[in-house]
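538 is the number that the working numbering gives the last residue of the sequence shown; the numbers go up by one with no jumps.
Below is one structure; the comments refer to it alone.
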Amino acid sequence: MDAQAWEKVDALIDANQNKTIKDYFAEDPDRAKKFSLEAAGWFLDYSKNRIDAATMKALVKLAEKANLKAEIEKMFTGRKINATEGRAVLHTALRNMDRNAKVMVDGRNVIPGVRKVLDAMGDFSDSVRRGTWRGFTGRRIKYVVNIGIGGSDLGPVMANIALTPYAKRNMKFFFVSNVDSTHLAETLRQVKAAETLFIVASKTFTTQETMSNAEAAKDWLVRELGDRKAVAKHFVAVSTAKDEVAAFGIDVKNMFGFWDWVGGRYSLPSAIGLSLMIAIGRGNYRRFLRGYYRMDRHFRTARLERNMPVVMALLGILYSNGYGAETYCILPYDQYLSRFPAYCQQMDMESNGKGVTKDGERVTYSTGPIEWGEPGTNGQHSFYQLIHQGTHLIPCDFIGCSKTHNPIGDLHDKLMANLFAQTEALAFGKTADECRKEGVPEKLVPFKTFDGNRPTNTLLCDELTPETLGSLIALYEHKVFTQGVIWNIYSFDQWGVQLGKVLAKGVLKDLVAKKPSGRHDSSTNQLIARYRAAVGR
Ligand code: G6Q
């Protein structure tokens with residue numbers, strides 16, 4: 002992060018330390034309008050933040066100093082910005098709707114390949130939805146089970162829930178990720194083999210959890226239908242690894258490919274979205290991609306100070322680096338977005354949970370925040386207490402949709418009233434005097450006082466549709482990208498997940514061996530011994 006540019010931001014934080022969000026609003030009746038912007042179907046009100054025009058300007062400078070515009074171009078044009086893995090980062094090519102688009106990687110335009118896979122996915126999902134693709138015994142497919150984990154699971158799960166109103170209601174979708182056998186077992190109890198399609202979704206096709214679950218599902222299917230040949234009609238693959246797919250026993254004709262320039266946590270708009278396409282149909286899926294594309298274009302072309310992902314990224318940096326905020330909360334006031342916080346959690350924490358700069362030096366400032374969240378209003382009756390009156394500063398994004406897909410009485414008005422009221426309460430709080438005026442007994446005043454000055458963003462769309470969901474995801478993707486650029490870290494690798502994976506292999510050997518090696522530390526050896534004793538080894 003550019004030290005000089007940061008100093009300027011820091012100096013402004015110091016100069017304004019006695020000013021609250023309330024003061025800012027009192028000073029300027031036009032504040033809400035000034036600190037709001039619109040893009041790709043979303044309205045962002047960021048006025049309830051600890052900012053003024055000068056702070057925003059200084060923050061934008063930080064982005065300029067990091068050459069953000071040039072870095073954005075590098076990403077969109079296929080430069081190998083994932084340097085530790087030597088890969089381009091081109092999830093934006095997956096949803097590029099420009100008819101004449103050309104995106105070159107290693108001298109080849111990747112767009113025709115993207116469109117070819119999309120067409121193949123479209124044909125396949127049409128055939129499953131229309132019942133022309135049948136199971137081995139001739140039954141229509143009613144159940145789709147996506148087997149994948151991490152980036153090959155969280156996106157499909159999140160989007161499947163989010164777009165339920167657009168989904169084929171006479172089909173059921175399941176997502177098995179955990180290597181805990183309970184996950185698969187409980188899913189298999191709810192489906193009928195003859196009517197089930199398994200999508201094995203794995204970029205590498207070597208991931209322990211996914212391959213173990215896929216093998217177990219295959220054994221179950223063969224047992225249930227009594228013929229190995231049944232696999233061809235009940236298993237398809239989404240992967241970059243043709244040989245592994247063939248070795249598993251899936252005909253590569255039924256494999257939907259993608260490329261090493263699509264990172265797992267950014268892969269939802271690739272073939273990894275196959276289960277979603279089957280659920281909502283190819284037309285809606287196209288709208289979903291269009292939403293992404295609209296936000297992509299905005300991100301690539303809008304001025305930094307009017308650029309929604311950039312503004313959100315800068316605000317995040319203000320609180321992480323300027324106010325020591327360690328966590329960041331995403332609060333969708335929409336039940337359909339119930340898994341959106343979990344989805345963003347991976348996207349953000351795996352991308353920017355890095356402690357080393359691009360030059361291999363330890364960073365001297367904090368990077369990616371701890372991200373969490375739950376849908377409102379539920380959270381209000383649980384953890385909001387800490388956000389309102391606790392000792393931690395927790396910036397929050399409130400996300401809402403003006404129209405509901407399910408109007409029942411005044412429930413939606415109540416939902417939205419709660420959303421707006423929470424941002425009001427967090428920003429403006431309640432003073433001791435206000436409490437007294439309400440007749441609060443003196444000894445209770447300290448407990449009933451709210452400091453306020455707690456920052457929030459509010460994101461509103463008219464309605465949650467495939468298009469607005471796509472643009473919402475792209476908004477957060479680009480926010481994370483922008484922060485990574487400013488922090489000068491590599492956002493697109495994930496070496497931090499490797500060590501545990503490797504060690505698990507060694508531990509597994511010791512769990513099942515005749516005699517454990519005893520070569521771990523005393524705690525791990527003890528745990529292994531206890532487990533072995535409990536299961537009778
Ligand atoms: C995401 C990560 C990770 C990955 C899973 C599944 O960016 O790389 O979450 O998606 O480990 O990997 P496979 O798709 O290769 O099974």
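We put the CB at the ideal spot given by N, CA and C, even for glycine.
Note that the structure is predicted; figures quoted are calculated from it, not measured.
DSSP state of residue i, grouped into three classes?
| i | result |
| --- | --- |
| M278 | helix |
| E39 | strand |
| K515 | coil |
| E65 | helix |
| W262 | coil |
| T525 | helix |
| E372 | strand |
| S203 | coil |
| S240 | strand |
| M105 | strand |
| N285 | helix |
| D120 | helix |
| D220 | helix |
| G401 | strand |
| L465 | coil |
| K431 | strand |
| P333 | strand |
| F44 | strand |
| Y144 | strand |
| V357 | strand |
Taking 9 Å as the cut-off, decide whether the C-beta atoms of residue i and residue j are in contact.
| i | j | result |
| --- | --- | --- |
| V1 | L155 | Examination of residue 1 is not possible in this model, given that the chain is present from 2 through 538 alone. |
| P342 | P376 | yes |
| D398 | T93 | no |
| L290 | M98 | yes |
| L316 | N50 | yes |
| V201 | M172 | no |
| M256 | A238 | yes |
| W373 | T424 | no |
| W43 | C462 | yes |
| G501 | H521 | no |
| I150 | T207 | no |
| R287 | A163 | no |
| Y167 | A280 | yes |
| M57 | V312 | yes |
| L394 | Y324 | yes |
| G274 | M122 | yes |
| F259 | G250 | no |
| G391 | T21 | no |
| S126 | M350 | no |
| T459 | D46 | yes |
| D261 | R141 | no |
| L226 | T133 | no |
Hey, is residue i close to ligand 1, as in C-beta under 8 Å from one of its heavy atoms?
| i | result |
| --- | --- |
| A186 | no |
| K173 | no |
| Q495 | yes |
| T365 | no |
| T85 | no |
| E478 | no |
| A202 | yes |
| S153 | yes |
| V498 | yes |
| R190 | no |
| Q346 | no |
| G323 | no |
| I150 | yes |
| G265 | yes |
| E351 | yes |
| S268 | yes |
| F206 | yes |
| T211 | yes |
Contact defined as beta carbons within less than 8 Å: I believe residue i pairs with residue j. What is the distance between those atoms, to the nearest angstrom?
| i | j | result |
| --- | --- | --- |
| K355 | T368 | 6 Å |
| F451 | I82 | Going by Cβ atoms, the distance from F451 to I82 rounds to 44 Å, so no, they are not a contact pair. |
| R307 | L38 | 6 Å |
| P270 | Y293 | 6 Å |
| L95 | V263 | 7 Å |
| W221 | L189 | 6 Å |
| T365 | A64 | Contact doesn't hold; Cβ gap of about 19 Å is too wide. |
| I400 | L476 | At roughly 10 Å, the Cβ-Cβ gap does not stay under 8 Å, so I400 and L476 are not in contact. |
| S276 | F174 | 6 Å |
| P396 | P333 | Contact doesn't hold; Cβ gap of about 15 Å is too wide. |
| A195 | G136 | 5 Å |
Spell out whether any CB of chain B is found under 9 Å from the CB atom of residue i.
| i | result |
| --- | --- |
| G79 | Absent from the structure: chain B. Only one protein chain is present. |
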